[in-house]
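Residue numbers (full-length UniProt numbering): 1 to 795.
Virtual Cβ for every residue (Gly too), placed ideally from N, Cα, C.
Remember, it's a predicted structure, so these values are computed and weren't measured experimentally.
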Amino acid sequence: MNIVEQIVALADKQAHTEGFFDRKKGKYAYRKVEGPITLDKIAKHLDGSQPLGMYMTDNGKSPCLVFDFDDHDKEGIAIAPTITVARALDALGVPHLIFRSGGGHGYHIWMFFEQAMSQDALWKASKDILALVDEDHARYVPVASGKLNQKKLDARGKLSHIEHGVEVLPKGDENQNVAIPCSRASVPMRLVSSGSIVSLEECSLDDLTLEFVPVASAEVAPADMGAANEDAAFDCYIKNFDVNDYAKWGGAGIGLVAAFGKGPRADWAHERWLEWTKTSDKYRRGDEDQWKAFKPKKYSPLSFWRIATRHGYKGPWPGKKASAGDISDFNEEWALMNVNGKVEFLNTTSGDVSNTDSFYLLTKPDEGVRNRWLSSPRRRQFNGYTFAAPEYEGDKWNLFRGWPVEPTNGDASLFEKYVVEMLCYGDQELAHWVMTFIADAIQQPWSPRPGAGLALRGPQGSGKSFLGKCVKAALGNLALEVTNSDRVTQQFNDMLVGKTALLCEEAFFTGSPQQQLMLKNLITADDWTFEPKNRKTFTTPNIFRIIATTNNSQAVAIDNDDRRWTIIESKPACPHSPTSRASYEWWAPYYSLIRDDPGAVLRYLLDYKVDKALISFPYLTDAKGEDKITSDPLLQVLVHMVETGTCPDDLRGDGRVASAAVYEAVKERGGRWLTSQSLANDLRKRFGAQTARNCIKVKRIEWRPDGNGVITPIITKRTDRDGLQMPPLGELRAMVSAVTGQAHEGPEAWIAYEPDTAVHLAADPNGGDADDLEQYLERQIVMDQGKVVEADIPF
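Written out as structure tokens, the structure is:
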């Protein structure tokens, strides 16, 4: 059986592939063919009449590992990296075969395993091997799509090193096709040494031997290896080196240093190597000093044992065989997570999640146990994450791990006093809403978001933050304190994973529209997608409860029809200065409660009767009405209109207002509507305004002295502007009050808008008499249909 037949024997027997030139794509391709590869097909493959490919994997495992060195641009860049890696494999004791690729410009290095390995294990082996390739100013890394000879620059833009991306097969979760060697331009190759020069040359198939990568038949603790096993291993290992080839002495010694150089058997290894070198006629006094210069860069501690096994050693390798107890303990600590097809590892003790690279580094001291655990049928595995009740028994990892404290029968009356008397200043209905909101989060932190959030605003020292401290004491790490909104609204939001209460101090409030939208979604979205950095995204039901606190006069930016926020103004309850010692002592009993007996607060909230429907809508407070006005420049203008009984520029007093006049008034208060028309549409929709014609728009008011030196107001205006007829003043006042939740006093009917007149001036700045100005107020320059006319406009 030739080498190609031996390789094919390792392939999938159910199907294979046949090569053909795809004229549409302009390149060689392969199509699937059902059935095994027969000897007749192998013969056609070798004579080039029908090149074949084979499937390397079966149930996610493969007995083959291939390094693919591509040279797509036919520049000859593949041969040097191939030689370098092949030499490193020789040094590591890893048997391999080399073939030129079917295209004739790249190379494939094949390695074989007697027991098929998972793709994760093969990928790790690739990383370990390529990391040991020693070449000045070059690095070799495994990649899914190969790219050799890539220049990497440092922070200053200077060349740091050359990176060779070596494509590794198999890759991906599907069955991997690979071209079978020795068809088209593919031929067998081997390394040839001539002095210090190593080259790659063609050879015949008969020159090659398929060997499996050596693995330990058994593992024992290093202390239990015994001198007999080490001597037997050395006798086999040294067969790999020609004692009469002086250049081989270094390779033999370096392999020994890698295995024993820093251990208790270092002297033994040195003596055995020295005895061996002295059997050569080329030995000269002083050659023993070479040992001191040996640095095992290209060798791993297992290189010695692999080479020994290849040359007949049958004994154990040093290591630690994982016991059933070790695997059970590892299984208690770790779980494999399948998150939408991507694997990561969860430390179930700490809750930390690691990607594959980090997991292998963290568990390297227990490598043997880890590898046995990965292949164990008892390995814990979950298909993603959820946040559910303690009795959940599904296939996902439940992020809820219980309450951090035990409930006690302690006295929680101070907590009740704080909420009812200090925070809600005796409003029993508001206090019941607040207690229900918090108790719901405590009793069922896994339940869907209530649909409303709580915002507290007030001066420093008013006690508004104490509520969040109580929630944190009862929920522990299920509550997250946030002081920077960017941490919540950023793309990578893994800090929110496993949290049910977000305690936002000075975090959101009147921020950007993007942050406001994010905050709305936190309160009302049914689901929430988490995007941890370097991990797979996943979605769970939205369980967030938001408590926001601020020292600002405005708690949050809200809409007129807001159905999300209960806003409370926190008034100072402590009679002392917030920074005084007396204030500290006044608050001390409250903070002692949550520090010394948080279980009392937990018990109180666990026993509180929750009305879920109550907190699906916010509680309307005066503070919320004020925040609505502060949040909405249009509402500010409307409040001014219903309290003064005037519309901007409405000199007639009939409730007609030019769209441009309202637009300017809103813009002065920070409004950002795109156009006056869009603002007018908003007034029609929300406040019942009707389209009107011939509305007044004051262009400007100028104060000019007349011939007698008296300051006279000159109003330039237009009376032909499109605008709105506002509802009767009483109706509009009722609509505005419904939005703000406040009563607004003012005239019973619309009155004329009054611009500044002499009445508003203390004196004529030019020395004239202020009373004399009134006689000139009827002199107006009026722009009507493009013509300047005189008109009497009542004020």
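Reduced DSSP category for GLU219 - H, G, I as helix; E, B as strand; rest coil: strand
Thinking C-beta only, is ALA455 closer than 8 Å to VAL479? It is Ala, not Val, that sits at residue 479 in the sequence shown. Not closer than 8 Å, so no.
Report the start-end ranges of each beta strand (DSSP E) in the segment 224 to 271 that is 3 residues or longer and not cut off at the edges. none
Close-in-space but distant-in-sequence residues of the same chain around ASP53 (CB under 8 Å, 5 per side omitted): Before going further, note that residue 53 is Gly rather than Asp in the sequence given. These residues qualify, in order along the chain: HIS16, THR17, GLU18, GLY19, TYR30, ASN177, VAL178, ALA179 and ILE180.
Can you tell me the Cβ-Cβ gap for LEU724 and ALA689, rounded? I've got them flagged as a contact below 8 Å. Right, their Cβ atoms sit about 4 Å apart.
Which residues bound the beta strand (DSSP E) around GLY19? 15 to 22
Three or more C-beta pairs below 8 Å linking the segment 653 to 667 and the segment 456 to 471: no
CB contact flag (ILE546, GLY453, <8 Å): A contact, by the Cβ cut-off of 8 Å.
Near residue 796, what residues of its chain come up, given a Cβ to Cβ distance below 7 Å and the 5 sequence neighbours on each side ignored? Since the first residue shown for the chain is 1 and the last is 795, residue 796 is missing from the structure and cannot be characterised.
The beta strand (DSSP E) that contains GLU201, what's its start and end? From DSSP, the beta strand (DSSP E) with GLU201 extends over 197 to 202.
CB-CB under 6 Å to THR539, same chain, minus the five flanking residues each way: which ones, in chain order? ASP527 and THR529
Near ASN331, what residues of its chain come up, given a Cβ to Cβ distance below 8 Å and the 5 sequence neighbours on each side ignored? TRP373, SER376, ARG378, ARG379 and ARG380
Do LEU256 and ALA269 have their C-beta atoms closer together than 8 Å? yes
Name the residue from LYS298, PRO541, ILE98 and LEU153 whose alpha carbon lies nearest to the alpha carbon of ILE129. LYS298
So what does DSSP say about LYS417, is it helix, strand or coil? Helix at LYS417.
Contacts around ASN766, its chain only, beta-carbon distance under 7 Å, and the 5 residues preceding and following it disregarded: Note that ASN766 scores a pLDDT of 43, beneath 50, so its modelled location is shaky; the value from the coordinates is reported in the next line. Only PRO705, GLY709 and ILE711 meet the Cβ criterion.
Throw me the rounded Cβ distance for the ASN338 and ASN383 pair, which I believe falls under 8 Å. 5 Å
Using the three-state DSSP reduction, which class does GLY165 fall into: helix, strand or coil? In the structure shown, the three-state DSSP call for GLY165 is strand.
Around the Cβ of ALA623, are there at least 16 other Cβ atoms within 10 angstroms (buried) or fewer (exposed)? buried
Cα-Cα separation, MET56 to ASP68: 14 Å
Are there 16 or more other CB atoms within 10 angstroms of the CB of ASP165, so buried, or fewer, so exposed? Looking at the sequence provided, one finds Gly at residue 165 rather than Asp. By the 10 Å Cβ count, GLY165 comes out buried.
Considering just the uninterrupted stretch of the alpha helix (DSSP H) at VAL556, what are its terminal residues? Taken as a continuous stretch (DSSP letters only), VAL556 belongs to no alpha helix (DSSP H), as it is neither H nor E.
Can you give me the C-alpha to C-alpha distance between TRP305 and GLY599, rounded to a whole angstrom? 59 Å
Going by alpha carbons, who is nearest to VAL187 out of THR38, HIS105, THR279 and ILE558? Looking at the Cα atoms, HIS105 is the closest of the given residues.
In the segment 337 to 424, which residue ranges form an unbroken beta strand (DSSP E) of at least 3 residues, counting only runs that do not cross its ends? 342 to 347
Which residues in the same chain have their Cβ closer than 8 Å to the Cβ of LEU205, if we skip the five residues on either side of it in sequence? Here the set comprises ASN2, ILE3, VAL4, CYS182 and PRO188.
Short of 7 Å in beta carbon distance, which residues of its chain neighbour ALA293, apart from the five on each side in sequence? Order them along the chain. Contacts found: none.
Which same chain residues end up closer than 6 Å to LEU208 when comparing Cβ atoms and leaving out the 5 residues on each side of it in sequence? ILE3, LEU97 and PRO188
For TYR591, the nearest candidate out of VAL666, GLY253, SER413 and GLU745 (CA to CA): SER413
Alpha carbons only, please: which of GLY35, PRO755, GLY48 and SER118 is nearest the one belonging to ILE714? PRO755
Range covered by the alpha helix (DSSP H) that runs through ASP527: Segment 527 to 530 is the beta strand (DSSP E) holding ASP527; no alpha helix (DSSP H) there.
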